[in-house]
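Student: Chains as they are written, first to last, in this note's numbering: chain A, 824 to 1238; chain B, 2 to 164; chain C, 91 to 252; chain D, 165 to 537. Here a beta-carbon is modelled for each residue, glycine too, at the ideal position from N, C-alpha and C. Just so it is clear, the structure is predicted and the values come from calculations on it, not from any experiment.
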Amino acid sequence: MIQSLANWILSFEVLSGLGSSVAWGLSLFVVSALIFVFVAANAIILVYFERKVSAFMQVRLGPMRVGKFGTLQTVADALKLLQKEDIIPRSADKVLFIIGPWIILIASVVTFAAIPFSDSLLAANMNIGLFYIVSISSIVVLGIVMAGWASNNKWSLYGAMRSAAQVISYEIPVGITLIAVVAVVGSLNLQTIIQAQGGTGNLFHWIPIPLPNWFIFHSPFLFLAAFVYLIGATAEINRTPFDIPESESELVAGFMTEFSGLRWALFFLSEYANATLVAFLVSILFLGGWQSPFSNYAGAQIGFTIITLVAAMWTVFVKAKVNRLSIYPVGLALIITIAAWLFPGFAIWLASPGIFWMFMKAGSIIFLLMWFRWTFPRLRVDQLMYVSWKVILPLSLINLMGVAVWMWLTGEIQF
Amino acid sequence: MGALNHKFNENILITSLDKLLNWSRSGSEWYFQFGLACCAIEMMSAAAARHDLERFGAMPRSSPRQADVMIVAGTVTLKMATRVKRLYEQMAEPKYVISMGSCANSGGPYWQHGYHVLKGVDQIVPVDIYIPGCPPRPEALIEGLLHLQKKMREEHILAKKED
Amino acid sequence: MTEQEIYADLSAKFSDKIVELIEAETFNPTVVVAPAAITEVCHYLKDTETLNFNSLMNLAGHDTDGESDLSVIYHLHSTELDHYITLKAFTNRENSEVSSVANIYGTADWHEREAWDLYGIKFTGHPDLKRILLEEDWEGHPLKKDYVAAEFYRGMRIEKVK
Amino acid sequence: MGRLHAEEMILNMGPQHPSTHGVLRLKLRTDGEIVSHIEPVIGYLHRSFEKHAENLEYQQVTPFCGRCDYLAAMGSEHGYAMAVEKMMGIELPERVEYLRVIFAELQRIASHLVAVGTFGLDVGAITPFIYCFRERELILDLFEMASGARLLYNYIWIGGLAHDIPPGFVEKTYEFLDDFDKRIAEYNQILTGNKIFVERAADVGVLTPEVAINYGVTGPSLRASGVNIDLRRTQPYSIYDRFDFDIPLGEGAQGTIGDSWDRYYVRVREMEESAKIVRQALDQLPVEGDVKSAVPKRIRPPKGEIYFRSENARGELGYYIVSNGKNVPLRVKMRSPAFSNLSVINEIGHGWMISDVIAILGSLDIVLGEIDR
Chain A
824 MIQSLANWIL SFEVLSGLGS SVAWGLSLFV VSALIFVFVA ANAIILVYFE RKVSAFMQVR
884 LGPMRVGKFG TLQTVADALK LLQKEDIIPR SADKVLFIIG PWIILIASVV TFAAIPFSDS
944 LLAANMNIGL FYIVSISSIV VLGIVMAGWA SNNKWSLYGA MRSAAQVISY EIPVGITLIA
1004 VVAVVGSLNL QTIIQAQGGT GNLFHWIPIP LPNWFIFHSP FLFLAAFVYL IGATAEINRT
1064 PFDIPESESE LVAGFMTEFS GLRWALFFLS EYANATLVAF LVSILFLGGW QSPFSNYAGA
1124 QIGFTIITLV AAMWTVFVKA KVNRLSIYPV GLALIITIAA WLFPGFAIWL ASPGIFWMFM
1184 KAGSIIFLLM WFRWTFPRLR VDQLMYVSWK VILPLSLINL MGVAVWMWLT GEIQF
Chain B
2 MGALNHKFNE NILITSLDKL LNWSRSGSEW YFQFGLACCA IEMMSAAAAR HDLERFGAMP
62 RSSPRQADVM IVAGTVTLKM ATRVKRLYEQ MAEPKYVISM GSCANSGGPY WQHGYHVLKG
122 VDQIVPVDIY IPGCPPRPEA LIEGLLHLQK KMREEHILAK KED
Chain C
91 MTEQEIYADL SAKFSDKIVE LIEAETFNPT VVVAPAAITE VCHYLKDTET LNFNSLMNLA
151 GHDTDGESDL SVIYHLHSTE LDHYITLKAF TNRENSEVSS VANIYGTADW HEREAWDLYG
211 IKFTGHPDLK RILLEEDWEG HPLKKDYVAA EFYRGMRIEK VK
Chain D
165 MGRLHAEEMI LNMGPQHPST HGVLRLKLRT DGEIVSHIEP VIGYLHRSFE KHAENLEYQQ
225 VTPFCGRCDY LAAMGSEHGY AMAVEKMMGI ELPERVEYLR VIFAELQRIA SHLVAVGTFG
285 LDVGAITPFI YCFRERELIL DLFEMASGAR LLYNYIWIGG LAHDIPPGFV EKTYEFLDDF
345 DKRIAEYNQI LTGNKIFVER AADVGVLTPE VAINYGVTGP SLRASGVNID LRRTQPYSIY
405 DRFDFDIPLG EGAQGTIGDS WDRYYVRVRE MEESAKIVRQ ALDQLPVEGD VKSAVPKRIR
465 PPKGEIYFRS ENARGELGYY IVSNGKNVPL RVKMRSPAFS NLSVINEIGH GWMISDVIAI
525 LGSLDIVLGE IDR
């Protein structure tokens, strides 16, 4: 995209006087600004989304008064955090204290460069996209340890040490699961990973159920790898049930205890940037990124009717609670189905791969992460290590071998 | 905002900017999770399902650095008074104090024979809003928060002080 | 066993240390014991099979009227044999001294520290006798009838009481 | 190379901490995550209930009883009223006895709801806390109908009740009881059977019966260790002998008997038993009888002393009252269950990790107002 952007800038006569390197630099700046704006706006929306989702899960209303239905709530929070006094504790290590949060934010924002939002819309088409993301996102723990150590507070020291142990021990199973995916595709480039998941095939290449050719249906081992990756990634971004570094009930506020005002907002921003990154990665690697689940527009029409029927039956029979709140999702699905049947153009657009499906999948994964947070209690430090070393690591190794054997069995590769 | 405080004279731009800042501050009062006694239980039920404090943007924060409003909910004994003062000083600057319950207002039922009770938290900490009641109902706490919001809206952060 | 039988058993065992059995004006008959002998009496009550007082329900200090002696009351109960006894130890007001049962009953540890904190009754043999409810630098023992609160405490005014 | 002995650190889980249930300070001596010694420092809420009781008349002391244990105010007032009535030998009308049992048991459910909710909060599950408070609000509505207050009532007077229950109270209570049984199943689904919750609570902080009795632990924490002592059954006061309810004991379903999970689960089952008692009491509630008939004009108990025990939500709540015939008590000592329950935390808490110490503290269900009095 940067290439196309640079050429687009050079095409203007008035700007053609600039050297190609300046145009190139300008377009680089524009793209990175775009990414940062996306991450910031995304964090604002997600904070509001999380407070509303947690409220509905807890039988209450969530922010309602600030703006219509509380929509401006996070804007008000951000503005208020701007006005807060910037406290740096006297006995804190000033340099580390200041750059700690920035390192975390930069590490989590920079990884978005390699995320392909749709087949044409991506910042940098790197051929080592996955490797780049994994290596950059491991710097986050450096920032956490820096922030925790610098604030000279026993609670944040505990938070920092716990998060260091946790993230390092979950890097390994996550890395091995990613190798399993790369083994199937043969390339680290996220764009080619998505392109390899196009079209429809049968489940696990073996049971003749027509399903989109996503990696989650590629083989039972990759199916397991999807969940192993989700668990490992939840641990890596310190979200419940693995949120012991900033557990409110034990460590007051974990490594964020001594941070106030804007500095603390950076932590909040990077937490949600990481969550979005993980959601995108899960949808790219296992749910076929911007691939559409329906091969053609007829598929879209039939697919959406099935979704509406399932939603209607679920609301009427299973939950047996037909009130104003539970009608909304069924109504939405109904409208889309009618539109798909009436306007073939709309159905075609639905069936075609594009940014719509990318954000739908990422959104559902984010909703899942939030669902985890508001239902599960918190694991203890040693149980967390046990889960990582004794459960997920062997599982990811088995997945790696299993994928290779499966591909040999189903004839994808010949020895 | 320390450097910009009260430096500009009153004009359209500044007052509207003041209004925006006041709106944002009053819209997200993060209260300091700090319960002492019976009033803390009423504060918890105010934060729970029926009277949801989150509707007004009030989120409980357990660290003094990230809280704006300190709700002193319960009896401040002399042994606890030094801690309350230190916690107040640890909070970041635009900070407010709500004294919830007659124990925090004036010592309450323990006024006459309470040798170990501090007669009113305003002896150690500047209080913005007093909420009467023993314990005040969650609705009273919400009314206190709304009064604090009204008080925040009238503040002038950027405009010069008219002294 | 009823309180009278327990009193008979005790006075047989510790003839001089058991003073009397008060039954009038009280709902639970009380055995008055010399303050120094409380530890042996409680050891005996707890260890003998027939008595087996394994649970100390309550330990309270008491000051009747500001002049006469302070007293400490022990309410004992046996969970297996389900019988009760109350012990009382009088100690003079100036340097009140009672032997501690903290090593026999775990719950007595904190109750005795509270009695020392609020009544000023020292318990010899207590592992760690220091104030439990008030700060270390608090003068006086508030629950004594002749206690008058200080004017200020660390710069904070305590209203004049009574 | 032997055990790498790092220097021990004193960690102050200070008077202000999200999960110390109020103003309790735990001085932890920690070696890394393992806590080697816990020294609870209390007294941050010492409001001198006993000094007030020596200067106020008998009926003026009732509000202060409720303020000591503000999560089970009805239970404290009930205990105090029964103690003074026994001293004065007052005969209560049947209706008053039944109403008092109904309110005491509803208060036990409300207090256990807070205990179960905050235990979930300490272990990290935020949603069950909100569900428990949703049920508690329904009970507080009932209390508000009867006494006018939500948390601290001054409703159980010496010799009767402040007001009779309004019409519609019985129907509303039946409605609550029918709805409440479904809720218990909801808690069991979201918290009791939750694998992570079991992992965090089972086999943590095991309290053996001998240590429990020695440290004076009473109530659900004692019964979770398998000791069958419940004053409503072993030493029946008021009219508890007319109801049939069983005493849930800890069976070590998820771990050893007497661990934190048992203490939690005994409270959940005890809520069901209390609901059963309230239902039976409502069925047998006599319609006639004036609740204020036995309230004496001037309360002057005869000279003497009494130690009266009743089963409150947290354990054995004892009142030691000494009277010298005047209308002001000479001494009222409240033996608070949470005071002894907390003293056992070092015994069962040392050697565990910090997050376990918090889980153990949550399972002991302490209320600081009652500990510091």
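Which term fits PHE1078(A), buried or exposed, when burial requires 16 or more other beta carbons within 10 angstroms of its beta carbon?
Tutor: Its Cβ being crowded by 16 or more others within 10 Å, PHE1078(A) is buried.
Student: Between TRP200(C) and chain D, is any beta-carbon pair separated by less than 8 Å?
Tutor: Yes, contact with chain D.
Student: On the CB-based measure, 16 or more other CB atoms within 10 Å of its CB, does ASP286(D) come out buried or exposed?
Tutor: That one is buried.
Student: Across the stretch 440–453 of chain D and the stretch 257–264 of chain D, are there enough close Cβ pairs to call them in contact, namely three or more that are closer than 8 Å?
Tutor: Counting Cβ pairs under 8 Å, three or more are found: they touch.
Student: Taking 7 Å as the limit between beta carbons, can you name the residues of its chain near GLY121(B), skipping five residues before and five after?
Tutor: Around GLY121(B): ASN106, SER107, GLY108.
Student: Can you find the residues in the same chain that come closer than 8 Å, C-beta to C-beta, to LEU1001(A), ignoring five residues on each side of it along the sequence?
Tutor: Within the same chain, LEU1001(A) has close Cβ partners LEU953, VAL957, TYR1052, LEU1108.
Student: What residues are listed by DSSP as bridge partners for HIS165(C)?
Tutor: Note: HIS165(C) sits in a beta bridge opposite ASN148(C), THR176(C).
Student: On the DSSP bridge list, what partners appear for PHE33(B)?
Tutor: Answer is ARG62(B), MET71(B), bridged to PHE33(B).
Student: Is there a Cβ of chain B sitting closer than 8 Å to that of LEU208(C), yes or no?
Tutor: No, no contact with chain B.
Student: Closest by CA to TYR379(D), which one among SER504(D), VAL248(D), ILE522(D)?
Tutor: Nearest option by C-alpha distance: SER504(D).
Student: Which residues, in chain order, does the stretch 81–94 of chain B contribute to contact with chain C at a C-beta distance below 9 Å?
Tutor: The residues in question are ALA82, THR83.
Student: Taking only beta-carbon atoms, is PRO182(D) less than 8 Å away from chain A?
Tutor: Interface residue, yes.
Student: Can you tell me whether GLY1168(A) is buried or exposed? The criterion is at least 16 other CB atoms within 10 Å of its CB, across all chains shown.
Tutor: Under this definition GLY1168(A) is an exposed residue.
Student: Here's the rule: buried if 16 or more other CB atoms are within 10 angstroms of the residue's CB, otherwise exposed. What is TYR317(D)?
Tutor: Under this definition TYR317(D) is a buried residue.
Student: Buried or exposed: which applies to HIS231(C), given that a residue is buried once 16 or more other Cβ atoms fall within 10 Å of its Cβ?
Tutor: With 16 or more other Cβ atoms within 10 Å, it is buried.
Student: Around the Cβ of LYS891(A), are there at least 16 other Cβ atoms within 10 angstroms (buried) or fewer (exposed)?
Tutor: Exposed is the call here.
Student: Name the one or two DSSP bridge partners that GLY482(D) has.
Tutor: For GLY482(D), which the question treats as bridged, DSSP gives the partners ARG473(D), ARG499(D).
Student: Just the Cα atoms here: how many angstroms apart are LYS252(C) and GLU218(D)?
Tutor: Summary for LYS252(C): the model assigns pLDDT 44, below 50, so the residue's position carries little reliability, and this model does not support an answer.
Student: Span of the beta strand (DSSP E) holding LEU1053(A)?
Tutor: Taken as a continuous stretch (DSSP letters only), LEU1053(A) belongs to no beta strand (DSSP E), being part of the alpha helix (DSSP H) at 1043–1059.
Student: State yes or no: is the C-beta of GLY109(B) nearer than 7 Å to some heavy atom of the ligand COA?
Tutor: Ligands displayed in this structure: none; no statement on the ligand COA is therefore possible.
Student: Pull up the distance between the alpha-carbon of ARG1086(A) and that of LEU928(A), whole angstroms please.
Tutor: Rounded to the nearest angstrom, the two C-alpha atoms are 10 Å apart.
Student: With a cut-off of 8 Å, does the C-beta of ARG427(D) fall near any C-beta of chain A?
Tutor: It does not; no Cβ of chain A falls within 8 Å.
Student: So what's VAL432(D) in DSSP terms, helix, strand or just coil?
Tutor: VAL432(D) falls in the helix class under three-state DSSP.
Student: Is the beta carbon of TYR32(B) closer than 8 Å to that of THR76(B)?
Tutor: No, they are not a contact pair.
Student: Please decide whether SER402(D) counts as near chain C, where near means a Cβ-Cβ distance under 8 Å.
Tutor: Not closer than 8 Å to any Cβ of chain C, the Cβ of SER402(D) fails to qualify, so no.
Student: Three or more C-beta pairs under 8 Å: does that hold for the stretch 1204–1212 of chain A against the stretch 988–1002 of chain A?
Tutor: In short, these stretches touch, since the Cβ pair count reaches three.
Student: Verify whether the separation of the beta carbon atoms of ALA1162(A) and TYR1120(A) is less than 8 Å.
Tutor: No, they are not a contact pair.
Student: Would you mind sorting THR194(D) into buried or exposed? The rule is 16 or more other CB atoms within 10 Å of its CB.
Tutor: By the neighbour-count rule (16 or more Cβ atoms within 10 Å), THR194(D) is buried.
Student: Just the C-alpha distance for THR337(D) and LEU306(D), rounded to the nearest angstrom, thanks.
Tutor: Between THR337(D) and LEU306(D), the C-alpha separation is close to 7 Å.
Student: Taking the Cβ atom as the reference point for each residue, do THR184(D) and MET177(D) lie within a distance shorter than 8 Å?
Tutor: Yes; because the gap between Cβ atoms is below 8 Å, this pair is in contact.
Student: Between the stretch 140–151 of chain C and chain D, which residues of the former have CB atoms less than 9 Å from a CB of the latter, in chain order?
Tutor: Answer set for the stretch 140–151 of chain C: ASN144, SER145, LEU146, MET147, ASN148, LEU149, ALA150, GLY151.
Student: Establish whether the CB of LYS977(A) and some CB of chain D are separated by less than 8 Å.
Tutor: Answer yes: the Cβ-Cβ gap between LYS977(A) and chain D drops below 8 Å somewhere.
Student: Taking 7 Å as the limit between beta carbons, can you name the residues of its chain near ILE421(D), skipping five residues before and five after?
Tutor: SER389, GLY390, GLY414, GLU415.
Student: Within a Cβ cutoff of 8 Å, which residues of the same chain sit near GLN91(B), ignoring the five residues on either side of it in sequence?
Tutor: Counting only Cβ-Cβ distances below 8 Å, and skipping sequence neighbours, we find PRO65, ARG66.
Student: Can you name the residues of chain C whose CB is closer than 7 Å to the CB of ASN491(D)?
Tutor: Within chain C, no residue comes near ASN491(D); the closest Cβ sits about 16 Å away, beyond 7 Å.
Student: With distance defined between alpha-carbon atoms, name the residue in HIS7(B), ALA38(B), ARG56(B), LYS96(B) nearest to LYS152(B).
Tutor: Ranking the options by Cα distance to LYS152(B), first place goes to LYS96(B).
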